[in-house]
Amino acid sequence: MEVCVIAKCTYKSETIMFSVSSESSMVDILKTLCLRFRGLQLGCFTLRYSVPSYPSCFLETDSDLDLMRTFLLISNEKTVDILLKDLCGISEYIGDFCVNKELIACEKGESSCSSTVEDRNEFLGRSKRASAKPLLSNEWETYIHHVGQKFDGGAEEFRLKWCKYALEVGFNFLYASNDKKRVVAVCSNKKLEGCSWRVYAFRCEATGSFVIRTLNNVHTCADRIRESKSKMMRSRVVSSLIVDRIRTKPELKPVEIIHEFKDYYGIDISYYHAWFGKELAKLDVHGDESKSFNELVWYADAVKETNTGSLCTLDCEAGINRFRRFFVSFGGCIAGFQYCIPLLFIDATFLKSKYKGQLLCALEKNGNQGFYPLAFGVVDSEIEENWTWFLQHLASILPPMGRVVTFFSDRNQGLLNAMGFVFPGWPHSYCYYHLKQNLISKYPKSGYGKLLQDRVINLFSRCAYAVTEEEFKVAMDELVIVGSSKVKAFISNLSTVTMPTHFSKECVMGRWQTV
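First residue of the sequence shown? That's 1 in UniProt numbering, and the numbers climb one at a time after it.
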């Protein structure tokens with residue numbers, strides 16, 4: 001017995017049903033539609049069909065038709081919705097004015113005005129300027145079909161698709177009832193103009209999906225024009241459209257979102273909606289940041305269990321168990337560090353998340369001139385107490401390796417005090433970049449001061465990159481002479497014990513014995 005499916009197609013508020021069998025072709029379907037729908041012309045419309053999870057599938061060739069039949073057979077579906085979009089009968093453009101084709105025909109005397117002039121609401125609803133390029137929002141007007149349409153995503157999907165549909169068609173609506181089990185929406189012009197547009201959807205307890213129970217999709221008001229600004233463009237709609245972009249580009253700025261919506265959707269959105277939409281998208285992608293702190297206890301145990309030799313410590317405030325500090329050093333990184341040059345770069349940086357804080361790190365350079373992480377810490381601020389806590393955990397890792405490590409850092413006072421307390425006598429050098437910036441700040445940025453600054457920085461660089469001890473001494477003496485009192489004060493402030501020395505001296509002292 002031949003298996004047939006029933007196709008349903010709606011055009012201008014009229015719906016027809018017809019059977020699609022294995023013998024049916026696209027020509028047969030097109031002829032049926034043109035014959036049944038008055039005013040529809042062959043070649044002036046496109047067809048799409050809707051199946052669960054795929055609301056807009058191409059239906060243009062016999063191959064598309066075969067695929068549709070195969071999918072319906074596999075899915076055990078007996079009916080299918082075919083979406084029809086009229087391309088020729090919508091409107092014609094004369095100069096800067098949009099005029100309905102039937103109105104043009106009326107003026108030419110081709111038909112009776114009384115029988116062809118459409119309702120003003122129908123005319124306004126279709127008067128959309130032709131865009132220079134297709135917009136990604138064009139398909140939104142196909143989101144809503146008929147009574148009985150299902151939304152597997154529940155109330156959230158239903159609300160989002162209705163907002164997008166209203167944006168594209170060009171109207172605003174209000175919720176008369178809005179909860180998890182049912183949603184009732186009416187046109188925003190209901191009170192002023194008595195518009196009868198209304199939709200009612202409910203939650204199907206058996207499947208959990210939302211289903212349209214009643215739908216009056218005809219507006220009796222005159223305000224239906226697709227505009228670049230709309231009250232329906234809410235932050236949740238913005239979030240649903242950029243969530244995939246946030247996965248690949250989390251640093252996306254609100255200004256970029258505004259430009260992308262203008263280019264791709266033809267819609268103007270405010271900075272607030274762009275910013276808050278991004279926050280909602282981040283929440284969907286990464287989850288609630290405040291709740292993620294609750295997972296740290298589990299995470300610390302999981303690290304120790306799955307990565308042997310790891311050191312992971314969570315420090316909370318006594319009594320209230322509020323997060324205070326966190327330290328982690330993975331066992332694999334600890335084992336690998338034994339084969340690296342004994343240098344450690346210690347620094348901190350700001351965290352830009354909702355709850356801020358500081359990220360403390362101890363890094364090494366690998367053979368490919370990249371970063372080799374040894375330890376990380378998360379604290380509230382870069383103070384001596386937190387640096388001491390971080391370095392004490394680091395001290396439990398380094399001494400058992402049986403070798404002395406040279407530290408490099410900036411000159412943060414809290415770090416310097418903590419370093420002297422936790423690692424007394426261990427070599428500690430300062431970062432060249434930070435020293436250079438400190439020296440630059442001591443001279444004016446214009447006139448003679450700028451010339452002197454350039455000269456001093458050049459001599460300072462010669463000291464840092466001197467190959468031999470003799471070259472270092474010559475450059476250092478010249479730096480002190482040219483820089484005068486400012487350089488002398490700068491050098492004396494670097495160390496209260498000894499003057500800066502050439503790196504070869506440190507080699508003799510055994511600090512770089514594995515180089």
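The beta-carbon is built from N, C-alpha and C at its ideal position, and this holds for glycine as well.
Since this is a predicted model, take the numbers as computed values, not measurements.
Pull up the distance between the alpha-carbon of I457 and that of A348, whole angstroms please.
25 Å
Using a threshold of 8 Å, state whether the C-beta atoms of L394 and E364 are closer than that.
No, these two residues do not count as a Cβ contact at 8 Å.
Taking C-beta to C-beta, are V379 and Q392 nearer than 8 Å?
no
In or out: E382 buried (at least 16 other Cβ within 10 Å) or exposed?
buried
Hey, could you find the ends of the beta strand (DSSP E) C340 is sitting in?
Element bounds for C340: n/a, residue is neither H nor E.
In terms of residues, what are the limits of the beta strand (DSSP E) holding T79?
Looking at the DSSP string, the run of the beta strand (DSSP E) that includes T79 is 79 to 86.
Could you check the C-alpha separation between K488 and I346 for me, to the nearest Å?
Going from the Cα of K488 to the Cα of I346 covers about 26 Å.
Would the beta-carbon of I269 fall within 8 Å of that of F261?
yes
Just the Cα atoms here: how many angstroms apart are R203 and G309?
52 Å
Pick helix, strand or coil for A222, following the three-state DSSP scheme.
coil
Quick check on Y465: buried or exposed, where buried means 16 or more other Cβ atoms within 10 Å of its Cβ?
By the neighbour-count rule (16 or more Cβ atoms within 10 Å), Y465 is not buried but exposed.
Who are the near neighbours of Y355 in its chain, counting only those whose CB is closer than 7 Å to its CB and skipping five residues on each side?
E289
Which one or two residues does DSSP pair with H428 in a beta bridge?
F407
Nearest-angstrom Cα distance between R182 and G287?
27 Å
Is the separation between the beta-carbon of C312 and that of V297 shorter than 8 Å?
no
One question on the structure: do L47 and L59 come within less than 8 Å of each other, judged by their Cβ atoms?
yes
Are the segment 238 to 253 and the segment 211 to 228 touching by the rule of at least three beta carbon pairs closer than 8 Å?
No contact exists between the segment 238 to 253 and the segment 211 to 228.
Given 8 Å as the limit, is there contact between the segment 433 to 443 and the segment 371 to 378, that is, 3 or more CB pairs closer than that?
no
Under 8 Å between the Cβ atoms of G266 and L351?
Not a contact, by the Cβ cut-off of 8 Å.
Please classify S53: is it buried, with 16 or more other beta-carbons within 10 angstroms of its beta-carbon, or exposed?
exposed
Does DSSP classify D28 as helix, strand or coil?
helix
Which residues share a DSSP beta bridge with S19?
I6
Return the CA-CA distance between K161 and M233, expressed in angstroms with no decimal places.
11 Å
Per the DSSP calculation, D315 is bridged to which residue(s)?
R325
Could you give the C-beta distance for E478 and L459, rounded to a whole number, given that I count them as a contact under 8 Å?
6 Å
Taking the beta carbon of Y11 as the centre, do at least 16 other beta carbons fall within 10 Å, making it buried, or is it exposed?
buried
Between A7 and I74, which are expected to be in contact by the criterion C-beta below 8 Å, what is the C-beta distance as a whole number of angstroms?
No, A7 and I74 are not in contact; Cβ-Cβ is about 17 Å, not under 8 Å.
Drop a sphere of 10 angstroms on the beta-carbon of P55, count the other beta-carbons inside from all chains shown, and report buried for 16 or more, exposed for fewer.
buried
Please determine, among L65, C9, Y264, the residue with the shortest C-alpha to C-alpha distance to E23.
L65
So, for G208: in the same chain, excluding its five sequence neighbours on each side, which residues have a beta-carbon less than 7 Å away from its beta-carbon?
G154
Quick check on the DSSP output: the beta strand (DSSP E) that includes residue 523 runs from which residue to which?
Nothing about residue 523 can be read from this structure; the chain reaches only from 1 to 515.
Per DSSP, what kind of secondary structure is G377 in: helix, strand or coil?
strand
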